[in-house]
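Worksheet: one structure, shown below.
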DNA sequence: GAATTAATGCAAATTATTTTGCATTAATGG
DNA sequence: CCATTAATGCAAAATAATTTGCATTAATTC
């Protein structure tokens, strides 16, 4: 059984487990969560969680990746400024929701202090960067002058996530101002 | 015994414990560290750690606060641009060292996902913000036009920490460019 | 729809973490 | 220097987390 159907047992238990983990993530630190706790909340045997994900870090990273994919769709407004504004607004919105910075917290908490590895990590962050690159490529194809991916992460993503982390509100107007600031400097 | 002398037993064990924790922090995630592990490395009974700090989170937060205070001194070059450049360069430097983002990781890992509390947290982050405010106040007193604290955290600190988190190098030139970019927009 | 395969649940065993009680050692105050 | 107080160490107990073996249930294949 490599890819079970959406309604299969495997998919079903994964769904309840992810749901339970996400709910707990909105309540407490990633570092405070245990396999046992998630298993109880999900109504699933802890044994199953250990067998499928190995440890809490791995499980939480998968949850984060899955949620991220759903929360900020890639916009296409026809202009770079519009794309970036819609995208950052969506990010700001999801960061504002309870547990909205959960993905980011999980990433940081599970990221190795050293330099190397992490397949889940690369996948998680790769998703965001692919979105950025796609937008920038479209802009270039239209003949617009576009910044690089690094500029976007440095000047758009960084302030938004930092604010989420420190509890400073980041409303849509702030996100929009960041985009204007970035584009006026290219 | 409220404030034991620098050479006292309490201070001595705290020193070895902090040293051990910092060393381990450079090797693995904050979330991976246990009291037991730190105790063994420090050559101290785990019992003592539990009694003095209660749990790993609390201990690590204190370690982070203590290290931060030593790592980035407040510069005074006579001009805001110079102050900010010296300060960001110091931050970039310590972030580049092995385990340099340990403080930040600890902060994120131990920060509650919910909204409330945290004495250690406020103290930790307050230190950085006081430094910023002091620099900005001096600049204003000299008659220079100075940005607000939020601008500094959004546009200087955020990119630096974000890069540290994702393993993207942030050299002194990058830090300097951030300062120029910020000041040219005030 | 039976046979096969994989995932799950459950209980027991193992291992790690945390707490507790008490003896010991170091620091402090006369 | 002696008495007092607080911190530490050590061992045992209590709790929590993780692993393992095996029976059971659900899904897939033919």
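Protein chains in written order, with this note's numbering: chain A, 5 to 190; chain B, 5 to 190.
We put the beta carbon where it would ideally sit given N, CA and C, even for glycine.
Amino acids of chain A, ordered along the chain, whose beta-carbon sits closer than 9 Å to that of residue 62 (chain B): Near residue 62 (chain B) there are no residues of chain A at all, since even the closest Cβ is about 12 Å away, more than 9 Å.
Boundaries (first-last residue) of the alpha helix (DSSP H) holding residue 40 (chain A): 39-46
Simplified DSSP state of residue 62 (chain B), which is helix, strand or coil: helix
Buried or exposed by the 16-neighbour rule on C-beta atoms within 10 Å, applied to residue 35 (chain B): buried
Residues within the segment 163-175 of chain B neighbouring chain A, beta-carbon criterion of under 8 Å: 163, 165, 166, 167, 169, 170, 171 and 172
Cross-chain neighbours of residue 151 (chain B) in chain A, by beta carbon under 9 Å: Chain A residues near residue 151 (chain B): none, gap ~13 Å exceeds 9 Å.
Where residue 105 (chain B) sits in the DSSP three-state scheme: coil
Proximal residues to residue 91 (chain A) (C-beta, below 6 Å), its chain only, five neighbours per side dropped: 79
Members of the segment 39-52 of chain A near chain B, C-beta cut-off 7 Å: none
C-beta atoms of residue 168 (chain B) and residue 72 (chain B) nearer than 8 Å: no
At least three beta-carbon pairs within less than 8 Å, the segment 48-62 of chain A to the segment 10-23 of chain A: yes
Extent of the continuous alpha helix (DSSP H) run through residue 163 (chain B): 162-170
DSSP state of residue 174 (chain A) mapped onto helix, strand, coil: coil
Cβ-based burial, residue 76 (chain B) [other Cβ within 10 Å; buried from 16]: buried
Cβ separation of residue 175 (chain A) and residue 114 (chain B), assumed to be a contact under 8 Å, to the nearest whole Å: About 27 Å; that fails the 8 Å criterion.
9 Å Cβ cut-off: residues of chain A touching residue 4 (chain B): Within the shown structure, residues of chain B are numbered from 5 to 190, placing residue 4 (chain B) beyond reach of any answer.
Residue environment, residue 135 (chain A), which counts as buried when at least 16 other CB atoms sit within 10 Å: buried
Distance, residue 187 (chain B) Cα to residue 155 (chain B) Cα: 10 Å
Cβ neighbour criterion (16 or more within 10 Å) applied to residue 74 (chain A): exposed
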